[in-house]
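Residues in the sequence shown are numbered from 390 upward in steps of one, following our numbering.
Here a beta-carbon is modelled for each residue, glycine too, at the ideal position from N, C-alpha and C.
Right, one structure below, let's go through it.
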Amino acid sequence: MRILHLSDTHLDRNGAPDADGADGTAALRILLDGLGHLDGIGAVLVTGDVADDGSREAYARTHELLTAYAGPRGAGVFYAVGNHDDRAAFADVLGCGHAAPDAVYDGPGGERAAASTVGGHRLVTLDSLVPGKGYGHLSAGQLDWLRGLLAAPAPHGTVLAFHHPPLALPGVEVQRVFGLHNAAELAAAIDGTDVHLVLCGHFHLQLTGRLGPATVWVTPGVVSRIDLTAAPGTERAVHGPSATLVDLAAPYGPLLHTLHAPDPRAGTTVYEAGAAEMSEVLARLGP
Ligand SMILES: [Fe+2]
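Here you go:
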């Protein structure tokens, strides 16, 4: 089974470039046009920041573009929420993020997780959103639900998908502050289970590591990519919509390959934030 893993599509209400020139709608279109040859896709997954502005229009346009891609391939489309998403608008348009879930967790404040089985693989989306903040957290209720779900193994194991990565590159402050804050609790919840892969976004760059029994993969953003060659403590985002092809099949799975769209602006700057601006962002959106 193959998953096309996207994240941070950041579409907005207007479908037009923002002040920096970032344009989630155009980036998603360029990416999907570039992926026309892919086959064997069983699921298309977006791990959050589906909308930049939390608008219903953005969710509807994203879903229209992705179902036009996934539908002819017989693939389902799955969504998790990110820090830019609005739970109510997301739910109005995308429901729990699964078209026909096996199980749904409905928590306080619209918090929602769901599970589906695709070709014997269990795909679970979690809600790591902390409204108004840049970092992530999984509630105790959601982790209890997950433990109950994982008590029975799936035929081909379980993939978890959510926005905020449970790991960070040492020395990259923005990742330490804005990652998943209770990664150790999640690691305990999946210990001894059939979870073998965790798919995340949010950092707008590719990164891999481990959490308990699972490989963790962070896919680069669709709307932009963070370029860590910028000076420490500063941030530079560049154009270049990217996605990950996840192949779960033996003998190599999970096999992860990053796909870069043929965008003529790839590598050119979307925005640069200096150290003072980044300090302000960390203070405002951090714990
Ligand atoms: Fe994010």
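Bridge partners of residue i, per DSSP?
i	result
His-510	Val-507
Leu-549	Val-513, Val-587
Tyr-660	Ala-626
Gly-525	Leu-518, Leu-569
Val-433	Leu-393, Val-466
Leu-680	The structure shown has nothing for residue 680, since the chain only spans 390 to 676.
Ile-615	Ala-626
In its own chain, which residues sit with a C-beta less than 7 Å from the C-beta of residue i, not counting the 5 before and 5 after it?
i	result
Gly-410	Val-659
Asp-495	Arg-501
Arg-402	Asp-442, Ser-444, Glu-446, Ala-447
Asn-571	His-526, Leu-527
Gly-423	Ala-650, Pro-651
Asp-491	Ala-504, Ser-505, Thr-506
Arg-420	Reading the sequence as shown, one finds Leu at residue 420 and not Arg. Closer than 7 Å at Cβ, skipping near neighbours: Val-611, Pro-630, Ala-632, Ala-650.
Met-667	Val-563, Gly-622, Thr-623, Glu-624
Ala-432	Ile-392, Ala-464, Gly-465, Phe-467, Val-507, Leu-512
Ser-613	Ala-411, His-593, Ala-626, Val-627, His-628, Val-659
Pro-461	none
Report yes if the C-beta of residue i is less than 8 Å from at least one heavy atom of ligand 1; otherwise report no.
i	result
Asn-403	no
Asp-701	Residue 701 lies beyond the range of the chain shown here (390 to 676); nothing can be said about it.
Asp-407	no
Gly-471	yes
His-552	yes
Gly-486	no
Gly-413	no
Gly-598	no
His-591	yes
Gly-523	yes
Gly-642	no
Gly-568	no
Gly-437	yes
Asp-428	no
Asp-397	yes
Go through its chain and collect everything with a Cβ distance to residue i's Cβ below 8 Å, but skip five positions before and after it.
i	result
Ala-480	Gly-499, Arg-501
Leu-600	Pro-555, Leu-556, Ala-572, Leu-575, Ala-576, Ile-579, Val-587
Gly-560	Pro-621
Leaving out five residues before and five after residue i in sequence, what residues of the same chain have Cβ atoms less than 6 Å from its Cβ?
i	result
Leu-487	At residue 487 the sequence reads His, which differs from the Leu that was named. So the qualifying residues of the chain are Phe-467, Ala-503, Ser-505.
Val-493	Cys-485, Ala-503
Gly-675	Val-566
Pro-544	Gly-509
Pro-406	Asp-412
Leu-454	Leu-417
Asp-395	The sequence shown places Leu at residue 395, rather than the Asp named in the question. Val-435, Val-611, Ala-632.
Arg-536	Ala-578
Gly-642	Asp-636
Taking only beta-carbon positions, decide if residue i is within less than 9 Å of chain B.
i	result
Ala-638	Within the model displayed, chain B is absent; a lone protein chain is all it includes.
ask   = Curious, which full-length beta strand (DSSP E) runs of at least 3 residues does the region 625-654 contain?
value = 631-636, 644-649
query = Counting only runs that start and end within the region 567-612, where is the alpha helix (DSSP H) found for 4 or more residues in a row?
reply = 572-579
key: Complete beta strand (DSSP E) runs within the region 455-501 (minimum length 3 residues, chain order)   = 465-469, 492-495
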